[in-house]
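Chains as they are written, first to last, in the working numbering: chain S, 1 to 430; chain R, 1 to 430. By construction, the Cβ of each residue, glycine as well, lies at the ideal position given by its N, Cα and C atoms. Bear in mind the structure is a predicted one, so any value in this text is a computation, not a measurement. Here's the structure we're looking at; comments come further down.
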């Protein structure tokens, strides 16, 4: 039987899960692909951890660079994370003619252009299914399953930690500060949760999908990112009573003017399937010209769900390592010479509908003022609702962000309105 | 640029959609794959229809067998449907060394074992993504994306017509007979809707997924099939008030004793994502050991959604037509010599929870009798609810079907119960 020799660098959560899944399901996998996927070598700085996991069945080293240079290894699985050592390891592996499988979204989002160029030059594959939405095979769906389509947009719940927090806030009526602490105690959030709660992790994944969906370079620096730390319990409840669900969405949309690339808390209609995706689960909705709407749901993180995607990539590599380049799917879904440098739209020119919350004591006077200001800025009001003695909620129609911001400044200057407005974006996803 | 010469046989709804998508998105597709997908020849008995669609841009014939023998064609796209001429066309194409793409679930479910054997012998690919759940790339997900996993079960809403009918019955309070007529007028159901409403179409698709999920032959003859024609409005409403949604599900499950393969109306908890899949949409839920639960949602039928899957298959064929057999995914997900003849369990030995509706005037006496009978048959009752002056609904725990049937016979013999019971299966999908 054909044999694929795998070297795993990094035996943390995902590395351990990958080793476990490859070992436990070895027979099933080889029945499917006719290849013996053999873990030839593992590398981890913590040799004790590595030895405990492999239990003498696999050679262990603490030198990642020895692994990527080893003649015993055909494919390097990079599961270190981050983009310092991980980047060096991946580039060195490519230079040595090894194929690479990685779950590292930060690395691909920030340095993917460089990495894929190196891989093309070396004639090796760099596979990264696990980098986006964990175990959901969304890269394969976008790159191969939906390849007949022009995509209009991709929108997803791409971060389990924030979806867990928002679900808990909604279900238990807790404030963000209370839930984040609980999430850290339960291991759902890291000690420094910045990447998750500020939407950076979701942006990494979104940027990768935008490249595959639209045939553009990876442009992480141009993504707009807004997290959930400022979300008030009040607005989650108000949204719900108005028929909306609040989710941290990553949205990338092709428009005549360019591509939108944005992560922010978003109100979506409660009857949209994405609105029912709760807890730590992820989902990606795709709108395309031929197939219409499709959706992909599953665990976006965790040892074995992520390992599921890593191993699927290993199987693809095992199948195609002897094949010509033209027999492999293009790394980012488009032929290298066909990638187009489409402009990313700054958030100021993005169009959206809005949810606003204003503080007003004389609500009928304030409502009259709001209607006047909105008319001046040509923003159609869908609904003004009195939600409490002081809270007025306004749902608007679609307008350009900078116009909404100007209207908000005018509203905040009104004598009938106290303090700042809360502004949240709304998407119909229809 | 590399060129793939395609011959399309059958220019009905899906054939027309495939031609349209290939033409409209030709540039996008070739930017992705670096191959010019060229429709070289089309065949349809109705030459006027064919000429109108192709508008002089493609050679037209009314002889399908001339097309499958033409040296101008690399891949034959079979979109005739049915399993008489379609089977001959596909086998002849294979014999001529052509690759085949088909959307024909009946053909694959009934004759797939023979067709794939012929394809293996001839060294050609037979791709059928469009045969299951239309535009949802579920074959690719099961065969490649989830290949690291042992699957526990696959359950899906696999037929848009019946899901539309059940949704309309629920939302408008109509009887089956009223909705089927409306669905026929609107084109959602065929003049003879038997294949859809009796669950046969869903069973075709389920059988294909069972083969890929569990590495077994296609066993359509052994699938249990129960349709929706007997579903009463009453039970849909009662289910809803009890927190369940009624869906026609195709379920295939691996157990210690064999594989379940069954299509029937099923009550599922309303908070399961599948319960929110309404109208003509499809969804497939998969439970696997590493990734856990995943779900795939989209349009299960229609010209362009189905074409999306057909064209994705064409792209895979274009990529891999020059490759070795070992570089192509196995047709049914497992190496041919690794397929195991797993037994399909007859419905009598399948375990399920149940929803029963009994007609009883003296409901407290009937309840006491029911509890006694259920205790005799060792069936745990989760709930007995009086739903009207005559209707008692009983929700049971899991038991074997033949035991439930024996208990029902005993219940129907009770003097406190009038007439027959309604029996529906319930699945937690958890």
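Taking only the alpha-carbon atoms, compute the straight-line gap between residue i and residue j and give it to the nearest angstrom.
i             : j             : result
residue 158/R : residue 345/R : 21 Å
residue 89/R  : residue 69/R  : 10 Å
residue 280/R : residue 285/S : 18 Å
residue 273/S : residue 176/R : 26 Å
residue 139/S : residue 321/S : 19 Å
residue 403/S : residue 263/S : 20 Å
residue 270/R : residue 171/R : 15 Å
residue 67/S  : residue 149/R : 27 Å
residue 45/R  : residue 394/S : 59 Å
residue 19/S  : residue 53/S  : 8 Å
residue 184/R : residue 306/R : 20 Å
residue 64/R  : residue 17/R  : 19 Å
residue 413/R : residue 421/R : 11 Å
residue 85/R  : residue 104/R : 12 Å
residue 55/R  : residue 47/R  : 11 Å
residue 236/S : residue 258/S : 31 Å
residue 430/S : residue 7/S   : 44 Å
residue 14/R  : residue 107/R : 16 Å
Residue i and residue j: beta carbons closer than 8 Å?
i             : j             : result
residue 24/S  : residue 215/R : no
residue 251/R : residue 427/R : yes
residue 431/S : residue 60/S  : Chain S is shown only over 1 to 430; residue 431/S falls outside these bounds and no answer can be derived.
residue 317/R : residue 125/R : yes
residue 310/R : residue 77/R  : yes
residue 132/S : residue 298/R : no
residue 163/R : residue 21/R  : no
residue 10/S  : residue 79/S  : yes
residue 199/S : residue 227/S : yes
residue 332/S : residue 212/S : yes
residue 129/S : residue 312/S : yes
residue 425/R : residue 241/R : no
residue 441/R : residue 396/R : Residue 441/R lies beyond the range of chain R shown here (1 to 430); nothing can be said about it.
residue 29/R  : residue 147/S : yes
residue 392/R : residue 352/R : no
Rounded to the nearest angstrom, how far is the Cβ of residue i from that of residue j, given a contact under 8 Å?
i             : j             : result
residue 398/R : residue 349/R : That pair is no contact at about 13 Å.
residue 296/S : residue 407/S : In fact, because the Cβ distance is near 37 Å, the residues do not count as touching under 8 Å.
residue 152/R : residue 254/R : 6 Å
residue 375/R : residue 416/R : Actually they are not in contact, since the Cβ atoms of residue 375/R and residue 416/R sit about 16 Å apart, beyond 8 Å.
residue 74/S  : residue 92/S  : Between residue 92/S and residue 74/S the Cβ distance is about 15 Å, and since that is not below 8 Å, they are no contact.
residue 225/S : residue 189/S : At roughly 17 Å, the Cβ-Cβ gap does not stay under 8 Å, so residue 225/S and residue 189/S are not in contact.
residue 197/R : residue 229/R : 5 Å
residue 249/R : residue 219/R : The pair is not a contact, with the Cβ atoms about 18 Å apart (cut-off 8 Å).
residue 217/R : residue 369/R : The pair is not a contact, with the Cβ atoms about 46 Å apart (cut-off 8 Å).
Taking only three categories from DSSP, how would you classify residue i?
i             : result
residue 238/R : helix
residue 108/S : helix
residue 36/R  : strand
residue 298/R : strand
residue 373/S : helix
residue 390/R : coil
residue 247/S : strand
residue 89/R  : helix
residue 359/R : strand
residue 287/R : strand
residue 152/S : strand
residue 157/S : strand
residue 14/R  : helix
residue 328/R : coil
residue 94/S  : helix
Quick one: is residue i buried, meaning 16 or more other Cβ sit within 10 Å of its Cβ, or exposed?
i             : result
residue 87/S  : buried
residue 371/S : exposed
residue 300/R : buried
residue 358/R : buried
residue 329/R : buried
residue 246/R : buried
residue 71/R  : exposed
residue 362/S : exposed
residue 206/R : buried
residue 390/S : exposed
residue 102/S : buried
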